[in-house]
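First up is the structure itself, then whatever we jot down about it.
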Amino acid sequence: MRDIRVMNDSPLYTIAFTNIVGINDLQRKVLLEVYGSAENIFKERFNSNSPFQNLHPSISTILMQDWPLEEAEKEILFAGKHGIHIVHVMEENYPRRLAQCEDAPTILYIKGNMHFQKKYLVSIVGTRQSSYQARKIIHELVEGLSHLNIGIISGMALGIDGMAHQSALDIHIPTWGVLAHGLDQIYPPQHRRLAIDMTTEGGLITENKKGTKPLPYFFPKRNRIVAGMSDATIVIESDVKGGSMITAHLAAGYHRSVFAVPGKLTDNQSKGCLQLIKNNIAQMFYDTTHFLECMQWELPLPAKITTAKPLTLLFDPLAIAILNMIEQKGPIHPDQLSYGLQLSSGELSTHLMNLEMQEMIHKQAGNTYIRL
Numbered sequence: 024m025r026d027i028r029v030m031n032d033s034p035l036y037t038i039a040f041t042n043i044v045g046i047n048d049l050q051r052k053v054l055l056e057v058y059g060s061a062e063n064i065f066k067e068r069f070n071s072n073s074p075f076q077n078l079h080p081s082i083s084t085i086l087m088q089d090w091p092l093e094e095a096e097k098e099i100l101f102a103g104k105h106g107i108h109i110v111h112v113m114e115e116n117y118p119r120r121l122a123q124c125e126d127a128p129t130i131l132y133i134k135g136n137m138h139f140q141k142k143y144l145v146s147i148v149g150t151r152q153s154s155y156q157a158r159k160i161i162h163e164l165v166e167g168l169s170h171l172n173i174g175i176i177s178g179m180a181l182g183i184d185g186m187a188h189q190s191a192l193d194i195h196i197p198t199w200g201v202l203a204h205g206l207d208q209i210y211p212p213q214h215r216r217l218a219i220d221m222t223t224e225g226g227l228i229t230e231n232k233k234g235t236k237p238l239p240y241f242f243p244k245r246n247r248i249v250a251g252m253s254d255a256t257i258v259i260e261s262d263v264k265g266g267s268m269i270t271a272h273l274a275a276g277y278h279r280s281v282f283a284v285p286g287k288l289t290d291n292q293s294k295g296c297l298q299l300i301k302n303n304i305a306q307m308f309y310d311t312t313h314f315l316e317c318m319q320w321e322l323p324l325p326a327k328i329t330t331a332k333p334l335t336l337l338f339d340p341l342a343i344a345i346l347n348m349i350e351q352k353g354p355i356h357p358d359q360l361s362y363g364l365q366l367s368s369g370e371l372s373t374h375l376m377n378l379e380m381q382e383m384i385h386k387q388a389g390n391t392y393i394r395l
């Protein structure tokens, strides 16, 4: 092993200790409290009276070897080369809300902005198979929070997560994505451009060293960071099983506020939200004003209040079907809509008028409609 004493001992030993498989976050926290630092832990590894002798033999064996320190040195060099911050749970710039959680990661790797001391942080999560109405709700929600000193947290997945990150970027709200892998890759690959854009005002966060692949085991662990960083978690759409449900239950376990958007009883992507509300895990998300009142956060100044588009319209299945068809095939004539959706001209006309009043569609010359 080459000489590593020239490097900063604190991150070196902490990374080496964190990368030892078989010790969970709670055990690490206890050991760090007993010994004061990861460096002291490694110095005690050859002490025959050390409590480490009582650990599982495989863990004791690893502690006796030098390779954890060698791997940690490589991690530090990689981080320095790529502008990645390595933050210990005891440091001031570690996300303070997450630090309050018992199972908070000992270290985080962060690329981008580390201004986590926003007055408020909200996580927006949901299914990968999101609907059109989810996009509208997220856009209006994020826009309705823009008057606050706030940041948006999510998990970088396709669907709801990506929409939440993009909506925040569109109006220059910092947004952080929590990853289930190392910072030497981006998953899903479709979000590479999004990830780059996020690092300008927000950033990317993981507890995983470089080379860690996005395996199923790491996603629930990722979700605890999403929940732990946030004052409130809002589930937009979710089936009864999935990462969003895990995040919601974790947030409730951390005594953080949880909200869920109600949907149609027959929609699979609404069943999880309805279950959270039914079981009193989550409050119903009615609209942004109601959310702000529940959280006792500042409402927008009267001059900034705009007439909100009622969420009831978004839950109207016919309105959603009309919007989807206009979006896919527009400009489109009412006769085509009527034929394609099997609607009477009178019923269609009423819906078109309502959608036009809500500024969701626009009537062009030639009596055709386009999506706004």
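Mind the numbering: the sequence shown is residues 24 to 395 in the numbering used here, read in order. Don't be surprised by glycine CBs; every beta carbon is placed ideally from N, CA and C. The structure presented is a predicted model; accordingly, all values stated were derived computationally and were not measured.
With burial defined as no fewer than 16 other Cβ atoms inside 10 Å of the residue's Cβ, what is the status of residue i: buried or exposed?
i    : result
G167 : buried
I345 : buried
I183 : buried
E98  : buried
G251 : buried
R51  : buried
H188 : buried
V53  : exposed
S153 : buried
T256 : buried
L100 : exposed
Out of the options, point me to the one whose CA is closest to residue i's CA.
i    : options                   : result
E260 : S280, P239, P285 and R120 : P285
N302 : C317, H272, F139 and W199 : H272
F241 : Y210, H170 and F40        : Y210
G103 : G276, A127 and K134       : K134
H195 : P212, A344 and I175       : I175
S361 : G353, P354 and E370       : E370
I107 : L171, S368, N42 and Q208  : Q208
M197 : K159, S154 and Q140       : The question names Met, yet the displayed sequence has Pro at residue 197. Nearest of K159, S154 and Q140 to P197, Cα basis: Q140.
D193 : P212, L217, M376 and H204 : L217
M383 : G389, R394 and N390       : R394
Q88  : K66, L100, V281 and K159  : K66
V249 : M307, T270, P237 and K236 : T270
Y155 : L324, K386 and N347       : N347
N172 : V145, Q351 and N47        : V145
If we ignore side chains and look at the alpha-carbon of each, how far apart do residue i and residue j end up?
i    : j    : result
R25  : W90  : Caution applies to R25, whose pLDDT of 35 falls short of 50 and renders its modelled position unreliable; the value that the coordinates give is listed next. Whole-angstrom Cα-Cα distance: 11 angstroms.
G363 : S169 : 39 angstroms
M268 : P239 : 15 angstroms
A331 : H162 : Residue placement at A331 cannot be trusted, given a pLDDT of 46 that sits under 50; what the coordinates show is reported in the next sentence. A331 and H162: Cα-Cα distance of roughly 12 angstroms.
N291 : T223 : 36 angstroms
L336 : G149 : In this prediction, L336 has a pLDDT of 48, which is less than 50 and means its spatial position is unreliable; nothing more can be read from the coordinates.
D254 : R120 : 8 angstroms
L341 : L322 : 33 angstroms
N42  : G353 : 54 angstroms
Q381 : L181 : 28 angstroms
N136 : S190 : 18 angstroms
N390 : G265 : 44 angstroms
Q319 : L375 : 37 angstroms
L324 : L35  : 49 angstroms
F40  : L164 : 41 angstroms
A61  : Y143 : 32 angstroms
H138 : Y132 : 14 angstroms
L92  : V44  : 14 angstroms
E96  : S280 : 39 angstroms
S33  : H214 : 33 angstroms
D358 : S372 : 10 angstroms
S387 : P212 : First, the amino acid is wrong: residue 387 is Gln here, not Ser. For Q387 and P212, the distance between alpha carbons rounds to 38 angstroms.
T289 : E114 : 48 angstroms
N377 : H385 : 11 angstroms
P243 : F282 : 19 angstroms
G59  : N47  : 17 angstroms
Pull the bridge partners of residue i from the DSSP assignment, please.
i    : result
T198 : I175
L144 : G174
I133 : H108 and I228
A397 : Outside the shown range of the chain (24 to 395) lies residue 397, about which nothing can therefore be said.
K386 : Y392
I355 : Y392
Going by the beta-carbon positions, is the gap between residue i and residue j smaller than 8 angstroms?
i    : j    : result
I147 : S177 : yes
T118 : E230 : Before going further, note that residue 118 is Pro rather than Thr in the sequence given. In this structure, E230 does not lie closer than 8 angstroms to P118 by Cβ.
V258 : L315 : no
D262 : K294 : yes
A122 : V110 : no
M186 : G200 : no
I304 : A275 : yes
L55  : E125 : no
K233 : L206 : yes
I130 : I38  : yes
F236 : H204 : The sequence shown places Lys at residue 236, not Phe. It is a contact, given that the beta carbons lie within the stated cut-off.
I343 : Y392 : no
Q306 : C317 : yes
Can you determine whether any heavy atom of the ligand SAM sits closer than 7 angstroms to the C-beta of residue i, and answer yes or no?
i   : result
L35 : Absence of the ligand SAM is noted for the structure shown, with no ligands found whatsoever.
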